[in-house]
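**Q** For the record, the sequence lines run as chains Z and P.
Residue 457 in the working numbering sits at position 457 of the first sequence, and the numbers go up by one each step.
Residue 134 in the working numbering sits at position 134 of the second sequence, and the numbers go up by one each step.
There's a structure below that I have some questions on.
Number of protein chains: 2
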Amino acid sequence: MRMSKYLLKTFREAPQDAEVESHKLLIRAGYIQKVSSGVYSYLPLGLRVLVNISQIIRSELNKAGAQELLFPALTPYEWWQESGRDKYFGEILPALIVKARNANFVLGPTHEEVVTKTVSSIVDSYKSLGICVYQIQSKFRDEPRPRFGLVRTKELIMADAYSFDKDKQDMKQSYEIMLNCYEQIFKRLGLKAKKVQATSGAIGGDVNHEFMIESEIGEDFYLFCPECNVALNIEAYSLADAKLNPSEYDLTQQIKYYDTPGLTSVKDVKNFLKNQLPDVKESDFLKTIAAKKNKEIVILLIAGNRQLADTRGFELLNDNDFENHPELIKGFLGPYNLTGNYKIIADYSVRLTPKNGWISGANQKDKHVGGLFPGRDFQINEWEKLSKPIEGDPCPNCAKGLKIHRSVEVGHTFQLGLTYSSKIKDATFLNEQGQPQPYWMGCYGIGVSRLISVIAQCYHDDKGLTWPVNLAPFKIHLIAIDYLKNPEIRVLADELYSQLIEQSIEVLFDDRGLSAGISFNDADLIGIPYQIIIGPKLLNKGKCELKLRSQACLNSGKLEAFENSNVIELDVSHIGSAIKDLLLL
Amino acid sequence: MRMSKYLLKTFREAPQDAEVESHKLLIRAGYIQKVSSGVYSYLPLGLRVLVNISQIIRSELNKAGAQELLFPALTPYEWWQESGRDKYFGEILPALIVKARNANFVLGPTHEEVVTKTVSSIVDSYKSLGICVYQIQSKFRDEPRPRFGLVRTKELIMADAYSFDKDKQDMKQSYEIMLNCYEQIFKRLGLKAKKVQATSGAIGGDVNHEFMIESEIGEDFYLFCPECNVALNIEAYSLADAKLNPSEYDLTQQIKYYDTPGLTSVKDVKNFLKNQLPDVKESDFLKTIAAKKNKEIVILLIAGNRQLADTRGFELLNDNDFENHPELIKGFLGPYNLTGNYKIIADYSVRLTPKNGWISGANQKDKHVGGLFPGRDFQINEWEKLSKPIEGDPCPNCAKGLKIHRSVEVGHTFQLGLTYSSKIKDATFLNEQGQPQPYWMGCYGIGVSRLISVIAQCYHDDKGLTWPVNLAPFKIHLIAIDYLKNPEIRVLADELYSQLIEQSIEVLFDDRGLSAGISFNDADLIGIPYQIIIGPKLLNKGKCELKLRSQACLNSGKLEAFENSNVIELDVSHIGSAIKDLLLL
Numbered sequence: 001m002r003m004s005k006y007l008l009k010t011f012r013e014a015p016q017d018a019e020v021e022s023h024k025l026l027i028r029a030g031y032i033q034k035v036s037s038g039v040y041s042y043l044p045l046g047l048r049v050l051v052n053i054s055q056i057i058r059s060e061l062n063k064a065g066a067q068e069l070l071f072p073a074l075t076p077y078e079w080w081q082e083s084g085r086d087k088y089f090g091e092i093l094p095a096l097i098v099k100a101r102n103a104n105f106v107l108g109p110t111h112e113e114v115v116t117k118t119v120s121s122i123v124d125s126y127k128s129l130g131i132c133v134y135q136i137q138s139k140f141r142d143e144p145r146p147r148f149g150l151v152r153t154k155e156l157i158m159a160d161a162y163s164f165d166k167d168k169q170d171m172k173q174s175y176e177i178m179l180n181c182y183e184q185i186f187k188r189l190g191l192k193a194k195k196v197q198a199t200s201g202a203i204g205g206d207v208n209h210e211f212m213i214e215s216e217i218g219e220d221f222y223l224f225c226p227e228c229n230v231a232l233n234i235e236a237y238s239l240a241d242a243k244l245n246p247s248e249y250d251l252t253q254q255i256k257y258y259d260t261p262g263l264t265s266v267k268d269v270k271n272f273l274k275n276q277l278p279d280v281k282e283s284d285f286l287k288t289i290a291a292k293k294n295k296e297i298v299i300l301l302i303a304g305n306r307q308l309a310d311t312r313g314f315e316l317l318n319d320n321d322f323e324n325h326p327e328l329i330k331g332f333l334g335p336y337n338l339t340g341n342y343k344i345i346a347d348y349s350v351r352l353t354p355k356n357g358w359i360s361g362a363n364q365k366d367k368h369v370g371g372l373f374p375g376r377d378f379q380i381n382e383w384e385k386l387s388k389p390i391e392g393d394p395c396p397n398c399a400k401g402l403k404i405h406r407s408v409e410v411g412h413t414f415q416l417g418l419t420y421s422s423k424i425k426d427a428t429f430l431n432e433q434g435q436p437q438p439y440w441m442g443c444y445g446i447g448v449s450r451l452i453s454v455i456a457q458c459y460h461d462d463k464g465l466t467w468p469v470n471l472a473p474f475k476i477h478l479i480a481i482d483y484l485k486n487p488e489i490r491v492l493a494d495e496l497y498s499q500l501i502e503q504s505i506e507v508l509f510d511d512r513g514l515s516a517g518i519s520f521n522d523a524d525l526i527g528i529p530y531q532i533i534i535g536p537k538l539l540n541k542g543k544c545e546l547k548l549r550s551q552a553c554l555n556s557g558k559l560e561a562f563e564n565s566n567v568i569e570l571d572v573s574h575i576g577s578a579i580k581d582l583l584l585l
Numbered sequence: 001m002r003m004s005k006y007l008l009k010t011f012r013e014a015p016q017d018a019e020v021e022s023h024k025l026l027i028r029a030g031y032i033q034k035v036s037s038g039v040y041s042y043l044p045l046g047l048r049v050l051v052n053i054s055q056i057i058r059s060e061l062n063k064a065g066a067q068e069l070l071f072p073a074l075t076p077y078e079w080w081q082e083s084g085r086d087k088y089f090g091e092i093l094p095a096l097i098v099k100a101r102n103a104n105f106v107l108g109p110t111h112e113e114v115v116t117k118t119v120s121s122i123v124d125s126y127k128s129l130g131i132c133v134y135q136i137q138s139k140f141r142d143e144p145r146p147r148f149g150l151v152r153t154k155e156l157i158m159a160d161a162y163s164f165d166k167d168k169q170d171m172k173q174s175y176e177i178m179l180n181c182y183e184q185i186f187k188r189l190g191l192k193a194k195k196v197q198a199t200s201g202a203i204g205g206d207v208n209h210e211f212m213i214e215s216e217i218g219e220d221f222y223l224f225c226p227e228c229n230v231a232l233n234i235e236a237y238s239l240a241d242a243k244l245n246p247s248e249y250d251l252t253q254q255i256k257y258y259d260t261p262g263l264t265s266v267k268d269v270k271n272f273l274k275n276q277l278p279d280v281k282e283s284d285f286l287k288t289i290a291a292k293k294n295k296e297i298v299i300l301l302i303a304g305n306r307q308l309a310d311t312r313g314f315e316l317l318n319d320n321d322f323e324n325h326p327e328l329i330k331g332f333l334g335p336y337n338l339t340g341n342y343k344i345i346a347d348y349s350v351r352l353t354p355k356n357g358w359i360s361g362a363n364q365k366d367k368h369v370g371g372l373f374p375g376r377d378f379q380i381n382e383w384e385k386l387s388k389p390i391e392g393d394p395c396p397n398c399a400k401g402l403k404i405h406r407s408v409e410v411g412h413t414f415q416l417g418l419t420y421s422s423k424i425k426d427a428t429f430l431n432e433q434g435q436p437q438p439y440w441m442g443c444y445g446i447g448v449s450r451l452i453s454v455i456a457q458c459y460h461d462d463k464g465l466t467w468p469v470n471l472a473p474f475k476i477h478l479i480a481i482d483y484l485k486n487p488e489i490r491v492l493a494d495e496l497y498s499q500l501i502e503q504s505i506e507v508l509f510d511d512r513g514l515s516a517g518i519s520f521n522d523a524d525l526i527g528i529p530y531q532i533i534i535g536p537k538l539l540n541k542g543k544c545e546l547k548l549r550s551q552a553c554l555n556s557g558k559l560e561a562f563e564n565s566n567v568i569e570l571d572v573s574h575i576g577s578a579i580k581d582l583l584l585l
């Protein structure tokens with residue numbers, strides 16, 4: 001493709017709404033264009049990357065035995081009523097409803113209802129199960145806060161697959177096949193995806209996994225155990241399940257009072273007590289919070305190194321409330337010796353009792369008290385999840401400290417079980433005994449358009465994008481310096497361009513005749529893996545330059561030539577064969 | 001693909017709403033499935049045909065120098081206001097409006113606004129023009145009467161292209177390139193497409209053409225001149241432009257009265273006058289209709305062999321009106337000697353004055369009058385298009401009689417000129433003098449999903465579909481009779497299936513072990529071009545059958561083997577090489 005006539009313009013400045021490098025670079029290098037907040041066009045360069053990614057996904061899904069089909073974006077509203085998801089999606093669906101003549105549709109944000117209806121009209125015997133179908137198609141979400149370019153958008157391209165089996169065991173087997181397929185896909189995309197246990201959200205089902213890429217463009221967090229490799233989404237973790245070792249507690253420890261004049265925050269009290277308790281930590285404290293829920297006053301307990309994350313209906317007490325309840329000493333609350341018959345609700349972090357017991361307010365002004373053990377010194381009426389996990393929380397498998405990773409989700413797989421087939425009419429097959437049985441389903445989604453941003457975030461440097469060879473929009477960026485002024489260069493470049501085209505090598509040809517600086521900067525920004533540079537200086541010596549822009553997804557044999565430098569000089573007469581060799585033709 | 005696990009079910013009965021064979025067969029053979037009126041899913045078989053069609057379109061558009069990109073379906077509402085098409089589309093747009101948070105979108109029925117905005121943000125110099133971009137993407141229409149399967153739907157897949165040039169001459173050149181490209185596409189799709197002059201409708205611009213396939217699933221009609229090959233849509237034809245030969249009129253003809261007691265219809269009067277005027281035809285009569293427009297009474301004239309087609313605001317006079325206007329003799333109206341000062345509006349068909357003049361009512365009860373010539377015997381105040389063209393109307397080029405063809409539109413091309421660039425802000429480039437100029441645009445659309453139905457309508461017989469080889473979902477349908485019962489057949493069929501897969505030959509493998517009758521009927525219904533049949537009888541002789549289901553798009557060399565029969569017997573050991581040869585591998 002000749003750049004002089006290509007729908008491509010590079011920009012020096014990134015748009016104001018671009019916070020991260022992938023977003024800035026995809027816009028600046030002319031891959032995508034914003035149409036509206038969270039709505040993008042794929043310009044010719046961007047579409048080529050999208051197609052390359054889609055083809056890898058398609059080929060791996062086909063290999064895994066999945067069959068491609070294509071559902072409409074317009075999905076009948078009554079099918080969403082049948083599954084009950086019209087209510088679940090609540091606020092989101094109305095924006096996606098299309099009121100056509102004689103029928104209401106939902107602009108499909110996902111297709112479980114449609115696929116269940118479709119398969120149930122076709123597959124009526126256990127003999128035709130298991131079956132797995134997929135599509136690569138545009139989905140619609142009324143995204144409240146579009147962000148990071150293609151990461152969070154209102155219109156997105158997804159590869160969504162759905163498996164149908166005759167029983168739970170087969171469903172699990174189909175699920176395993178798809179997990180392996182997804183791992184293969186992300187590997188071929190040059191991504192280090194971590195398979196993480198997750199929560200099911202709007203989709204449903206019991207077991208499910210997210211595929212996460214560690215990245216600063218992520219808004220998800222997962223927990224990882226370096227000891228035993230357990231990985232799970234932060235939403236899926238609860239200290240309720242944490243393995244603890246209560247035998248470590250020193251229950252002989254006596255209760256001890258501390259004067260803490262005017263000090264109410266965990267941090268201030270901790271610093272003040274350092275003289276007496278050199279090893280004291282914030283996690284030794286028990287934050288005690290008086291709150292109202294449904295007008296009733298309750299006492300919330302939470303470990304001192306954590307924040308109250310989710311106030312679901314809790315309202316903190318105001319000064320007026322404290323005046324009305326003089327037994328509650330503001331700033332010095334604690335569960336020990338608390339008067340008044342208040343319900344005590346503890347965050348699961350309160351299960352992590354310190355060896356020497358908790359320190360909390362003493363329910364006396366300017367006093368704290370230490371050596372408190374639940375059960376011995378105070379009672380807990382209810383347990384709840386009131387705080388988010390923090391680094392070092394115990395692994396649910398081995399109890400060692402977990403690490404927190406910021407990440408972006410690129411895939412999500414679900415064992416749906418009977419979630420949909422039990423609700424949707426006639427979603428059954430006949431088993432060997434001729435009895436109708438509901439399908440055992442799984443569903444699997446990859447964010448295809450999002451992957452462009454994720455891959456760009458993983459593959460860039462300070463000059464621009466550095467696409468892996470198998471994903472790059474073109475394999476070769478041919479740059480002819482002085483193309484318009486120098487006939488010798490023009491003839492040579494045109495000839496090489498024709499040769500490459502003839503060999504079906506995808507080549508972007510900079511025939512614009514701009515200054516070398518502009519052309520080089522543009523080429524580095526666009527990030528095609530190989531650059532061939534034909535310029536007047538080297539041409540006098542019968543040579544041109546071959547520059548390696550990206551090493552990603554090249555096998556090591558190809559890299560040998562670039563061992564000492566990312567630029568090598570080649571005899572002009574050898575370019576053709578050098579390229580053939582590099583691209584393994 | 002093994003049929004035992006393929007998402008495919010054939011049906012004996014066609015759905016009730018299927019009026020035409022293509023619709024019946026696509027449903028019965030499991031290519032598509034109805035989701036809602038005018039909304040379909042592409043099942044795995046159907047998607048394979050869709051992909052084959054798309055790839056042909058894509059490759060020809062690429063050859064023509066067009067660049068593929070992808071726009072969103074969500075198009076900003078304010079852009080439609082900018083072009084003024086929010087008003088033009090009037091009733092249609094509201095159904096397509098998506099009210100997302102903070103923004104209203106139109107679910108794009110077409111993308112002129114989006115592409116103009118996009119190109120204008122990228123192409124700023126005449127040096128980068130002409131440029132042509134395209135996408136293959138889902139479009140949305142609030143179709144009032146979905147019909148004929150994929151012919152008229154609410155969600156459809158289109159290949160829409162847009163050209164941008166620096167002046168009118170270049171626009172015309174780009175237009176010619178695309179016309180040639182379209183002709184090539186339809187040829188490769190095995191369709192005889194007729195390029196027809198048309199009207200521009202909602203898109204705009206001056207010159208435009210439709211590509212029409214003659215077919216009973218069409219709801220369009222075009223006129224064709226067998227003499228000079230002029231072809232134009234019936235909507236684009238007007239007798240106002242017809243070339244006439246007034247010198248043929250016999251103006252010496254005298255006015256002559258006829259008694260026509262109680263006869264008021266053209267047909268009755270014509271039959272009655274046959275004795276006196278043996279050659280009289282309905283086209284010799286002038287229908288004279290009294291009507292009200294905006295409360296004013298007007299007289300409409302129209303040739304006797306035509307119908308008042310479009311009553312746009314005309315209301316026929318009722319009995320009461322006739323009583324109030326005794327000078328208007330109901331059933332015997334005519335323009336000659338008409339009393340009362342009524343405006344006379346003539347359909348352009350009144351330009352086709354018969355050689356001996358018109359016959360009309362005589363404005364006297366039970367009398368008609370002949371030998372009337374406009375200008376000589378009556379005056380016409382206004383001309384309008386009140387009737388539709390009929391077979392035999394004069395060619396606008398050579399005046400010979402036109403033929404009418406029922407047809408379905410598969411493509412439409414427009415010279416838009418400045419229609420959009422003059423309305424949309426900054427849709428300009430700098431010319432050689434550095435002056436901003438609006439782009440000269442063209443736009444071009446092919447109904448990709450509709451083509452599945454059109455091709456199915458062209459390629460079927462009474463047993464089922466007969467896909468051209470290059471469009472068929474699979475090349476080979478391998479049928480193993482007694483697959484489940486006969487181990488010898490199973491081993492042979494499995495081996496052949498593996499061989500074909502290994503050679504990347506697309507094969508559908510009937511491994512269901514059903515009766516031969518069911519398998520044969522299904523295979524003929526599905527319509528894959530080659531069937532290989534392995535059955536117990538022939539296998540004893542070391543042979544199997546190769547059956548040719550479709551000859552379409554095979555070159556003649558391949559057909560030689562089937563000269564005497566569409567079924568040939570092959571040695572089992574030779575199937576592999578026979579198939580290779582047939583498919584030119």
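Ideal placement from N, C-alpha and C gives every residue a C-beta, glycine not left out.
The structure presented is a predicted model; accordingly, all values stated were derived computationally and were not measured.
1) Could you tell me whether the Cβ of P/Y237 comes closer than 8 Å to any Cβ of chain Z?
2) Between P/K34 and the ligand MG, is there a pair consisting of the residue's CB and a ligand heavy atom that are separated by less than 7 Å?
3) Which residue comes first and which comes last in the alpha helix (DSSP H) that contains P/N320?
4) Can you pull the chain Z neighbours of P/V119, defined as C-beta to C-beta under 8 Å?
5) Decide if P/F11 is buried, meaning its Cβ has at least 16 other Cβ atoms within 10 Å, or exposed.
6) Using a C-beta to C-beta distance shorter than 8 Å, which residues of chain P count as neighbours of Z/K139?
7) How many angstroms separate the CA atom of Z/D167 from the CA atom of Z/V196?
8) Given P/Y459, which residues of its chain have a CB within under 8 Å of its CB, disregarding the five upstream and five downstream residues?
9) Using 8 Å as the limit for Cβ to Cβ distance, is P/Q16 near chain Z?
10) Using a Cβ cut-off of 9 Å, which residues of the stretch 8-42 of chain P contact any Cβ in chain Z, in chain order?
11) Could you check where the beta strand (DSSP E) with Z/C458 kicks off and where it finishes?
12) Classify Z/K187 as helix, strand or coil using the three-state DSSP reduction.
13) So Z/V144 contacts chain P; which residues on that side make the cut at Cβ distance below 8 Å?
14) Could you tell me which residues DSSP pairs with P/A346 in its beta bridges?
15) Pick out whichever of Z/V114, Z/A493 and Z/P144 has its Cα sitting closest to the Cα of Z/I476.
16) If you drop the 5 nearest sequence neighbours on each side, which residues of the same chain put their C-beta closer than 6 Å to that of Z/K343?
17) In angstroms, rounded to a whole number, what distance separates the CA positions of Z/G434 and Z/D124?
18) Counting C-beta neighbours from all protein chains within 10 Å, is the total for Z/D142 16 or more, i.e. buried, or is it exposed?
**A** So, from the data block:
1) no
2) The ligand content of the structure shown is nil, which means the ligand MG is not present either.
3) D319 to N324
4) L7
5) exposed
6) By Cβ distance, chain P contributes nothing, its closest Cβ being about 10 Å from Z/K139, past 8 Å.
7) 25 Å
8) G190, L465, T466, W467, P468, G527, S550 and A552
9) no
10) L8, K9, G30, Q33, V35, S36, S37, G38, V39, Y40, S41 and Y42
11) Element bounds for Z/C458: not the beta strand (DSSP E) but the alpha helix (DSSP H), V448 to C458.
12) helix
13) With the sequence shown as reference, residue 144 of chain Z is identified as Pro, and Val is not the correct amino acid for it. What Z/P144 touches in chain P: R101.
14) P/L301 and P/W383
15) Z/A493
16) V298 and N381
17) 10 Å
18) buried
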